[in-house]
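Here is the structure we will look at.
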Amino acid sequence: MNNAVVLTILGVVFVVAAIGAFGVEPHWSSRDGRHFVARASRFERHGEPSWVEVRGSVDNGSILITARRRRHAHLDGTYRLAQTGEGSRRTTVALLRGDHDVLLRLPRRSRTLAALVATASESDEDEAS
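The numbering used here numbers the first residue of the sequence shown as 2 and each following residue consecutively.
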């Protein structure tokens, strides 16, 4: 009887931990928000996006994206922020324009999101002058 109770409790703890682990969005941002790890996907008009973990940096009005795995190297490149919009579950999705369009998914309170918006506004001011 005692073993059954312990196994049941361990099973419940395992299920709760698994649900929590799958619900966490992988994201890291440096203190200044200029270097980050987030999820990205090539922008497709039809179908669901396939999210991939990428590394990135924000520098001089551009965003440099590097995929963490070689098979996703089609996401590698230099982009500019086109627009942002609300995603699902406390996230913001940024549309990046470059050789092809890429969606970048970040938490709404990310320091990187603030750096992206600041860089985009700086580059808009430079183009206007």
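Ideal placement from N, C-alpha and C gives every residue a C-beta, glycine not left out.
Short of 8 Å from the beta carbon of A116, and not among the five residues preceding or following it, lie these beta carbons of its own chain, in chain order: D33, G34, R35 and V59. Straight across, the Cα-Cα distance linking R40 with L104 is about 8 Å. In the three-state reduction of the DSSP assignment, R90 falls in the coil class. Residue V118 holds the alpha-carbon nearest to the alpha-carbon of A83 among V16, I20, I10 and V118. Take F37, set aside five residues on each side of it, and the residues of its chain with a beta-carbon closer than 6 Å to its own are S30, G57 and T113, in chain order.
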